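Trainee: Questions regarding the structure given below will be posed in turn.
Residue numbers (the working numbering): 1193 to 1471.
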């Protein structure tokens, strides 16, 4: 479908972002990694298969093991949601159905062995979850890469809710070429606790400071919803005092929590507000 210039169903999120005039993940990542589409096309068979798979960029979504029940999340991305979400589906007709799933593929040693076999000399990993810091199998994989003296040529990019950061992370990460962490933080203080329940703001700030103290690259990905749209300036001010860049992710699902769920007159008045003019 991509070779034919069509939008695959899996790419609907980016298509919608671009339709709304936003910079999608597709566009952002293409610039970030300086993607050479013609080179990729030459390596691709007509049916979409690769001639010689040597993986340069690998996104590892390590399942839905997570300690939070974020209000804009669902059971597919957080196992913590599953029991409560079932009761919401049964009582609220507008809540989208999500079948309960348990992701276990990342526990397979055969997977990690096969992955390493197909890596290019200097691969880049994007690691998320759920909450990836809870997935022991991925820490074991990093240890193996270090033992085989491959880690110094490998870049790691994480997405984390910043509530759990084991000490071994810093011990392992120092062996890699580059480590970047994107913190999933939607607001500050009690508002973040409410949206990303039951995240501890004290722990988040402690872990943010620790990452910065270790000289690692840190940015924030803020999920913008109807719940925090009026406080974006406060979140940005918090990040700027720490010299942290903020990226924005916009809620589409569930639709009743999307920014577009607010009346248009309210959103227009918000844009006129002086505190948002310099953002």
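A virtual CB, placed ideally from N, CA and C, is assigned to each residue, including glycine. From a predicted model like this one, the values you see are computed outputs, not experimental measurements.
Report, in whole angstroms, the separation of the C-beta atoms of residue 1323 and residue 1262, which I expect to be a contact under 8 Å.
Mentor: The residue given as residue 1323 occupies position 131 in the chain shown. The residue given as residue 1262 occupies position 70 in the chain shown. Rounded, the Cβ-Cβ distance is 11 Å, inconsistent with contact.
Trainee: Alpha carbons only, please: which of 1271, 1252 and 1193 is nearest the one belonging to residue 1239?
Mentor: Here the question's residue 1239 lines up with position 47 in the chain shown. Ranking the options by Cα distance to residue 1239, first place goes to 1193.
Trainee: Find the nearest neighbour of residue 1464 within the set 1411, 1428 and 1422, judged by alpha-carbon distance.
Mentor: Looking up residue 1464 in the chain shown gives position 272. Here the closest residue by C-alpha is 1422.
Trainee: For residue 1418 and residue 1450, which I take to be in contact (beta-carbon distance under 8 Å), what is that distance rounded to the nearest angstrom?
Mentor: As a position in the chain shown, residue 1418 is number 226, starting the count at 1. As a position in the chain shown, residue 1450 is number 258, starting the count at 1. Confirmed, Cβ separation roughly 7 Å.
Trainee: Considering only the beta carbon of each residue, do residue 1348 and residue 1319 sit closer than 8 Å?
Mentor: Residue numbering aside, residue 1348 sits at position 156 when the chain shown is read from its first letter. Residue numbering aside, residue 1319 sits at position 127 when the chain shown is read from its first letter. Cβ distance < 8 Å, so residue 1348 and residue 1319 count as in contact.
Trainee: Since residue 1414 sits in a beta bridge, which residues does DSSP pair it with?
Mentor: Residue numbering aside, residue 1414 sits at position 222 when the chain shown is read from its first letter. Its beta-bridge partners are 1440.
Trainee: Label residue 1310 either buried or exposed according to how many other C-beta atoms from any shown protein chain fall within 10 Å of its C-beta, with 16 as the threshold for buried.
Mentor: Start at 1 with the first residue of the chain shown, and residue 1310 comes out as number 118. The residue in question, residue 1310, is exposed, as its Cβ has fewer than 16 Cβ neighbours within 10 Å.
Trainee: Determine the extent of the alpha helix (DSSP H) in which residue 1363 is found, giving its start and end residues.
Mentor: By one-based count along the chain shown, residue 1363 stands at place 171. From DSSP, the alpha helix (DSSP H) with residue 1363 extends over 1359-1365.
Trainee: Give me, in chain order, the residues of the same chain whose beta-carbon lies closer than 7 Å to that of residue 1378; leave out the 5 immediate sequence neighbours on both sides.
Mentor: Position 186 of the chain shown, counted from the start, is the residue given in the question as residue 1378. 1384, 1387, 1388, 1414, 1415 and 1420.
Trainee: Where does the unbroken beta strand (DSSP E) through residue 1351 begin, and where does it stop?
Mentor: Locating residue 1351 in the chain shown gives position 159, where the first residue counts as 1. Looking at the DSSP string, the run of the beta strand (DSSP E) that includes residue 1351 is 1347-1352.
Trainee: Could you tell me the distance, in whole angstroms, from the CA atom of residue 1354 to the CA atom of residue 1441?
Mentor: Along the chain shown, read from residue 1 onward, the residue named residue 1354 stands at position 162. Along the chain shown, read from residue 1 onward, the residue named residue 1441 stands at position 249. Going from the Cα of residue 1354 to the Cα of residue 1441 covers about 17 Å.
Trainee: Look at residue 1254 and residue 1205 and say whether their C-beta atoms are less than 8 Å apart.
Mentor: On the chain shown, residue 1254 is found 62 positions in, with the first residue counted as 1. On the chain shown, residue 1205 is found 13 positions in, with the first residue counted as 1. At least 8 Å separates the beta-carbon of residue 1254 from that of residue 1205.
Trainee: In terms of residues, what are the limits of the beta strand (DSSP E) holding residue 1253?
Mentor: Along the chain shown, read from residue 1 onward, the residue named residue 1253 stands at position 61. Where residue 1253 is concerned, the enclosing beta strand (DSSP E) stretches over 1247-1253.
Trainee: Can you give me the Cβ contacts of residue 1250 inside the same chain, cut-off strictly under 8 Å, excluding the 5 residues immediately before and after it?
Mentor: What you label residue 1250 is simply residue 58 of the chain shown in a count that begins at 1. Within the same chain, residue 1250 has close Cβ partners 1307, 1311, 1315, 1316, 1317 and 1318.
Trainee: Bridge partners for residue 1262 per DSSP, in chain order?
Mentor: Here residue 1262 refers to the residue found at position 70 when the chain shown is read from its first residue. Its beta-bridge partners are 1388.
Trainee: Would you decide whether residue 1332 is buried or exposed? Buried here means 16 or more other CB atoms lie within 10 Å of its CB.
Mentor: For the purposes of this step, residue 1332 is identified with residue 140 of the chain shown, where counting begins at 1. So residue 1332 ends up on the exposed side.
Trainee: Is it right to say residue 1209 is buried, meaning 16 or more other beta carbons lie within 10 angstroms of its own, or is it exposed?
Mentor: As a first step, residue 1209 must be located in the chain shown, where it is residue number 17. Buried, since its Cβ has 16 or more Cβ neighbours within 10 Å.
Trainee: Between which two residues does the alpha helix (DSSP H) containing residue 1429 stretch?
Mentor: Taking the first residue of the chain shown as 1, we reach residue 1429 at position 237. Note, residue 1429: alpha helix (DSSP H), 1424-1433.
Trainee: Check residue 1376 in the structure and name its three-state DSSP category.
Mentor: In the chain shown, the residue the question calls residue 1376 occupies position 184. Note: residue 1376 maps to strand in three-state DSSP.
Trainee: Just to confirm, is the Cβ distance from residue 1289 to residue 1281 under 8 Å?
Mentor: In the chain shown, residue 1289 corresponds to position 97, counting from 1. In the chain shown, residue 1281 corresponds to position 89, counting from 1. The answer is yes: Cβ separation under 8 Å.
Trainee: Go ahead and label residue 1222 buried or exposed: buried means 16 or more other beta carbons lie within 10 angstroms of its beta carbon, across all protein chains shown.
Mentor: Position 30 of the chain shown, counted from the start, is the residue given in the question as residue 1222. It counts as exposed.
Trainee: How would you call residue 1437, buried or exposed, if buried means at least 16 neighbouring beta carbons within 10 angstroms?
Mentor: Against the chain shown, residue 1437 aligns to sequence position 245. It is exposed - the Cβ of residue 1437 has fewer than 16 other Cβ atoms within 10 Å.
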